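J.:
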Amino acid sequence: IVYTNPNACMCPGVFSSIYEVGSDLQSVTNLSETNIPLSANLLLDACIIVNGRFIWDTDLQVNSSHFIMNEGSAIEIDGDKFMVLDNTVLEGCDHMWRGITANISSQFEAVNNTTIRDAQYAVTALDGSLLYIKGTIFDRNYTGIYVPPSTNGQPQVVYEYMMENNQFICTDKLKTPYN
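Those letters in the sequence shown? Residues 10 to 188, per this note's numbering, in order.
1. If we ignore side chains and look at the alpha-carbon of each, how far apart do C102 and E29 end up?
2. Nearest-angstrom Cα distance between P164 and P158?
3. Taking the DSSP output, what are the residues bridged to T124?
4. Tell me, which residues are paired with V132 by DSSP?
5. DSSP has N39 in a bridge; who is on the other side?
6. Hey, could you find the ends of the beta strand (DSSP E) M78 is sitting in?
7. Which residues bound the beta strand (DSSP E) around F177?
8. If we call anything under 8 angstroms between Cβ atoms a contact, is G88 one with I64?
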């Protein structure tokens, strides 16, 4: 891989595939427009380096993989799409990143020792989203799971299909906030 961001953190260890998404903090990249294989709806043993906003606009399960989230980057799950993380790590590079947003009617699942670290809001659940979070580690995040206040005066409805055996810990100081 040729890294478009020369200051980006590198993937830890050896992976069968390495992908870089976006070129800088202002980048907006749809999953469907990347070179990440989508035909089987499963990505295994990959490292994904994210710059800017990564729009999850197609269903995909990610197993035994690693995301390097550069300063201020974010993942946004489109409505009616699902993101499944199984035994996968998402972590910041030198600064904090924004986090994962589950939009209206989207589904976010994190299971089997998935670790989300160094985010401002690790998971933001918007009205009508569905969460399935089991055996997940939230480490060094400003906020683990955030449900923002409603903008229309009505209560937010977030469907928590499963929420068990998760750890909310802080093993070190938080990284520097993004600009």
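From the three backbone atoms N, C-alpha and C, an ideal C-beta is built for every residue, glycine too. Computed from a prediction, not measured in an experiment: that's the story for all the values here.
T.: Taking the coordinates as given:
1. E29 has its alpha-carbon roughly 14 angstroms from the corresponding atom of C102.
2. In a straight line, the C-alpha of P164 is about 8 angstroms away from that of P158.
3. In the DSSP output, where bridge partners are listed per residue, T124 has V98, I146.
4. Answer is I109, I154, bridged to V132.
5. The partner list for N39 (beta bridge, DSSP) reads I64.
6. Element bounds for M78: 75 to 78.
7. F177 -> beta strand (DSSP E) spans 176 to 178.
8. For G88 and I64, no; Cβs fall outside 8 angstroms.
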